[in-house]
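So, in C-alpha cells, the structure goes:
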C-alpha cells in the first residue's frame, strides 16, 4: 500500500483535529480514526466516522432520556439478551463509515450486501490507480474438488510462478492499453498531443478484475455484523476475509460488549435443525444414532457432527 | 411538555459531556444536542446524535483522503450540483438520530417512511404516559369539501368546544380504564392488591390514537430530506408538519449548505410535465393557451398555474 | 367477519377469472386466491397475487435459462442446502401480496417489518369500519410475572367479564363520538345537516387501538419467512400469531418444499452459542455440567436446556 | 447473441406453458415472456415473470376488495394523479423479474440500484462464457471536453480500429489465460490432465471488465421507474441505455397507463428550482431576465433555458 505524500498529509490533517463534542465517543476507535490499515498488497481499510457506542444500543432499546443504564453490567446483560434473541433494531442505532481500497472482483462480492451506503470512485470521471492485486504464493489455491465453491491445496511451485506471471503480465498489459486508449497516463500526462482519448467510461472496460478501486461504505452495526458473520467466516473467500478481519477488529474497539456477544452467539455459535436436535438429544441420553434413521443427508449429518466436534461420527 | 426531574437530570448530564473527538462536528447542532424542543401539547423532538456535516458529502462524492475540498465555495457548488441532478448516495453519508415524543396517529403516518431505524417505547413491557394530544382550537378544522384528504375552515366556537370536550373525556376515560384493567396506575402503584392485572400487550388496545408514544428514530440525510419534503409541505397534516418544521431547523444548523440547496431545488421548486412544458413555452412566447388544447385535466391545469403564480389563468 | 354483498361479489368476480398464462403457477394457492380467511373476530387474510413457486428459487440460484432442474429431488436438495446455509437472494425471487384486515395495535407491531410494500386504508380520506377487536375470554391473559413482555394465566371469570365490558363500551363510545365529530355515520349518512364535520384526519384520533384497519401488504418469500419466524413463534403476541399461522398455511400451499425446509431449519431449529456448545459437548461425552463453570447466566442456561428438552437440568 | 440449442429448448419449453390462473395477466407482456431480446453484441433481456398490472395499482391505492375500478378512465385519472404527486407505495404493488446478460462494467453500474433482488451467475462455481463486449465503431466516442463524465465526438477511423483491436486482443488473451490457469476450457474440457486448476474464485480476476455476466434481477414498478428515469436518460452511458430502452418497452406492454404517466411526468418533465421559477415567471410576463440578477450559476441558467427550449437565452 503506497500513499502519496498529499494523501498522507490529508490523513494527518484529519487526525490532528481536536474537536469538542457532547456526543458519546469511543476512545479506542478514535485512536485509529482515518488511519489506512493495510489489506492485501495495495488495499486498505480506513475508519472515517462513527455514531454511538455500546451505551447507544441500551439507550434506544429502553427509549431512555439518558445514556445507557447506570451500570456496565446491566448494559452487558441487556446487550447479550438482545443478541441472543435476535433483536435487531437497537443494533441499528450505531453507524460506522469506512474508506476502503479493494480489488474490483472483491468489490463485486461486497456490494451484494445492499443495506449500506456506498460512493465508489468513478472510472467515468477519473483514471483508476495503476494497482492490481497479485496473490501471495501461499494463497494460490487450486479449485477444491469437494466444495464446488472453495479452494483446495496450494498450487505447486512451478505452476504457481506461471500463474503469477500470467496475472501480472495481463494486468499490466491491459492497463497500459487502457492508458493508450485514453491517450493519457495514470499520472495525468498526455501520450500523443495530436490524438483524442477514448471516453473513460469506455476505456475502463479493458481493465482486469484485480484492478483496485475504492469507496466510502457506511452501514449500521446490525448490517455490519451480518456482513462480518458471512465474510469473516472460514468459508468466505480469503481476499474478502482479509478486509472482514480488519473490520472485526474495529468493531472490537468500537463496541466491545457487543463484539463479545457477537463472537459468542453468532460467530462461534451454531444452528441445529429440528431433525438435528433429535440426534443431539439421543447422543446426550447415550443412545445410538445412525444416519439411516436420522432423515439427514450425508452432508447435513457431517455438518452437524463437525459443529459439535464429533469427528468419530463423520461418515 | 412536562419532563420529570429525573428526565431533566438525564438530559443535563448528557449536555454536560465534553468529549474530544477527531470526527467532524457541527457547532450549531451541538448547541441544541439532547435538548427537548417542544412539539404540540406534550411532544418533543430531541437530537441525540449525528454523523458528518456538509464536508462529508463532498468527501464521499470525491472519494477523497481528506476532508471536503479546500474552499467552502467549491463545496457549495458541488453540493448544489448534486442536489440539482438528484445524486443520492453522497447525501446518505450523513446520519442523524432523534428522540421523538408524538401522538400515536402521527406515529402511524411517520412510520410509512421505511428507510430509517426505529425503536419505539414498548407498551408490551411498560405503561404508556398519561398524555393525549388535544388540538388547539385554531387547529380544529372541518373536513375540506374540495380536497378529500385535507382540512377546510376552522370549526365555529360552540362546536369546537364540544369536540374538545369529547376528545378530552374519551382519552381520559379510556386511559383510566386502561389502568383499571392493568390493575396498576401510570405511576406504578397497584390498584387492588387482590387482583391480577390484564397483560399490558392487551390492555393497551383500549387507548385512543391521540395517546403519546415515543421513539428513537435514526436516518440518513437523503431520507430525512425525502421525509421533510413531504411532511414539511403545506399539504401535510398540520400535526406532523409541526415535527417536520422543527427537524427542518435542525438540518439548517447541521448542514447549512445542503439546507439551502434543499430549500431551493426541492421545497421551493416545482415539477413540470412534458405537457405542462408546452404550455409554459407558449406563455413565454406570448401565445394564447387554452385548457382545451392542452391535454391537461382541470386539476392539473390549475396546479400548473398555481405553481407559477398565474392566478388569472385559474379555471 | 362480515362482508357486504358488494364485497362478496367483488371477491367472487375475481375468483371467476380464468386467465391463461405462461408464468409458473401454484395450483394449491390458486384454490384459495382472493378468499377472505377469517382471523380474530372481524379480521381476515386474503392472498391477492403471487409470483413464482419452488422452481423459481432453483432457477434463479442457478441463473438458468429454463425452469428449476429436471428432477424434484434435485430441487429439494438445493432448496434445503440454501436454507441451511442462510442463502438469502434466491428466496427473494418469489413474491406474494396479501389483503389483511387487522386491529390497529397489531398493525403497529406488524409494520416494524420494513422490507415490504404497504398500502393502508386511509382514515384521512375515509371513515373506518365500525369494528373493534374484543378478545375471546380464553385469551384474556394476565400480565406474566416471569416474562415482562408476555402473558400469564387467564383472568378469572368475573374480572374477565369486567374487562370485556370495559373494552366493548369504550370502543363503542369513542366510535360513536368519532361519528359525532365527523357529523357523519359509518354508513355515510349525515347526522346534522346544519353542522360541518371535523376533518377526518383529526377525528380518527378518538378511536381506540382495537379498531380494525386494513391494508395491502406485499413482500418476498425471504422477508415473509423472517416475519413468520418471529410472529408465528410461541413467544409472539397471540393476536399477531393468528395472522402468522394463516399465512404459514398459505406458504405451505405456495412453496411446499421451501415450507418444509423452513419448518426444519428455522421454526423447529435452535441456535447454540459458543459457550452453549461446550456444555452440549460435555453432555454428549457423559461429563458433568454445572452452571457455575459454564459462563452462562441462569436465564441462558435454562433456555439451552429447554431447547434440548433437558428438563431435569433446569435451575 | 448466441444461444445454445439447449438454451433455446429451455426457453421454448417455458413459452409453451399454458397455465390457468385467477391472477390478473398482461396480454401484451405474455407475448414476449421468456424471449431473449438482444442487447449490445452478446447480451439480452428476458422477462421471466411479473405480478400485477395497471389495475393492481388502483386496487391497492383504494385498498379495495375487487379489481381496480369499473372504468378504465377512472383508473387512468387516479394513476396520473398518483404519479404527479409522487405517491410511491401503489406502484410498488407490481413486480417484474428479468434475466439479463450484460458486460461486467455495466453490471457494476446497474447494481448501484439497491432496492431490487439479484442473483448473479457465480464465477466462484462456474466458468464464465467466452464473450466480451466490443463497441460498434459508431459508439467509440472520445472523452467529452465539456462534461467530465460523458462522451464527445466519435473517434476517427484509424484510431477507432486500433482501439477495437486492443480491446479484442486483450479480452481474448486474458480469457485464454483464464482458461490456462483454470486448466479447463469454457466448454468444460481439461487442458492438461497432469495439472490442477487454480481456484475459480481466483482465476476470474484475470478477466477484463467487458466480459459478459448474467443475473436474475427482480424489482417493483416504482423502483424500476427510478432505474429507467436515470438509465434511459440521454445522459446515461450508452451501454446501459440500450438495456433501459428495452426494459422501457416491456413497461409499455405491461402497464400502458402507468407508462404514459411516467413518460409525461418523469421522463419528459422537468424540475424548476425556486430561483428558476422567478425567471420563468418574469419571462411569462414579458420582463427582461438576466443571469446577473438571477442568482443562478451559468450552468444552472443554461440547464433551465434548455429545459424550456429557449436557445436564444443560452450564454
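Residue numbers (this note's numbering), protein chains in the order written: chain A, 2 to 316; chain B, 2 to 316; chain C, 2 to 316; chain D, 2 to 316.
Glycine is no exception: its CB is placed at the ideal position from the N, C-alpha and C atoms.
These numbers come from a predicted model, not from an experiment.
Residues that DSSP places opposite residue i in a beta bridge
i, result
"residue 20 of chain A", "B/22"
"residue 133 of chain C", "C/212"
"residue 38 of chain B", "B/46"
"residue 103 of chain B", "B/214"
"residue 52 of chain D", "D/96"
"residue 219 of chain D", "D/98, D/118"
"residue 185 of chain D", "D/191"
"residue 144 of chain C", "C/152"
"residue 199 of chain C", "B/143"
Spatial neighbours of residue i in its chain, beta-carbon cut-off 6 Å, leaving aside the 5 residues before and after
i, result
"residue 221 of chain D", "93, 96"
"residue 266 of chain C", "84, 85"
"residue 219 of chain C", "98, 118"
"residue 168 of chain B", "135"
Where residue i falls, given that 16 or more other Cβ within 10 Å makes a residue buried
i, result
"residue 101 of chain A", "buried"
"residue 53 of chain A", "buried"
"residue 132 of chain B", "buried"
"residue 126 of chain D", "exposed"
"residue 236 of chain B", "exposed"
"residue 55 of chain D", "buried"
"residue 300 of chain A", "exposed"
"residue 211 of chain D", "buried"
"residue 207 of chain B", "buried"
"residue 307 of chain A", "exposed"
"residue 159 of chain B", "exposed"
"residue 157 of chain A", "exposed"
"residue 227 of chain C", "buried"
"residue 278 of chain A", "buried"
Range covered by the alpha helix (DSSP H) that runs through residue i
i, result
"residue 317 of chain B", "Residue 317 of chain B cannot be examined here, being either before or after the span of chain B that is shown, 2 to 316."
"residue 29 of chain B", "28-31"
"residue 64 of chain A", "Counting along the chain, residue 64 of chain A falls outside any alpha helix (DSSP H), and DSSP gives it neither H nor E."
"residue 316 of chain C", "Where residue 316 of chain C is concerned, there is no enclosing alpha helix (DSSP H), given that its DSSP letter is neither H nor E."
"residue 233 of chain B", "Taken as a continuous stretch (DSSP letters only), residue 233 of chain B belongs to no alpha helix (DSSP H), as it is neither H nor E."
"residue 307 of chain C", "299-308"
Which listed residue (the options) has its alpha carbon closest to that of residue i
i, options, result
"residue 136 of chain D", "D/38, D/113, D/194, D/240", "D/240"
"residue 200 of chain C", "B/18, B/28, B/141, B/123", "B/141"
"residue 162 of chain C", "B/182, B/276, B/36, B/10", "B/182"
"residue 63 of chain B", "B/49, B/80, B/51", "B/80"
"residue 268 of chain C", "A/264, A/302, A/276, A/270", "A/276"
"residue 224 of chain B", "B/118, B/155, B/61, B/286", "B/118"
"residue 202 of chain B", "B/194, B/158, B/180, B/42", "B/180"
"residue 298 of chain B", "D/75, D/303, D/43", "D/75"
"residue 28 of chain B", "B/252, B/312, B/287, B/270", "B/252"
"residue 44 of chain B", "B/310, B/104, B/262, B/164", "B/104"
"residue 145 of chain C", "B/185, B/273, B/197", "B/197"
Beta-carbon proximity list for residue i, same chain, < 8 Å, skipping 5 on both sides
i, result
"residue 87 of chain C", "none"
"residue 290 of chain B", "280, 283, 284, 314"
First and last residue of the uninterrupted beta strand (DSSP E) at residue i
i, result
"residue 77 of chain C", "Per DSSP, residue 77 of chain C belongs to no beta strand (DSSP E); it is in the alpha helix (DSSP H), 73-85."
"residue 273 of chain A", "271-273"
Cβ shell of residue i (< 7 Å), same chain only, five flanking positions each side left out
i, result
"residue 46 of chain D", "38, 40, 99, 101, 244, 247, 248"
"residue 16 of chain A", "34, 35"
"residue 139 of chain A", "155"
Under 8 Å from the C-beta of residue i: neighbouring residues of chain E
i, result
"residue 94 of chain A", "Chain labels in this structure do not include chain E; the protein chains are A, B, C and D."
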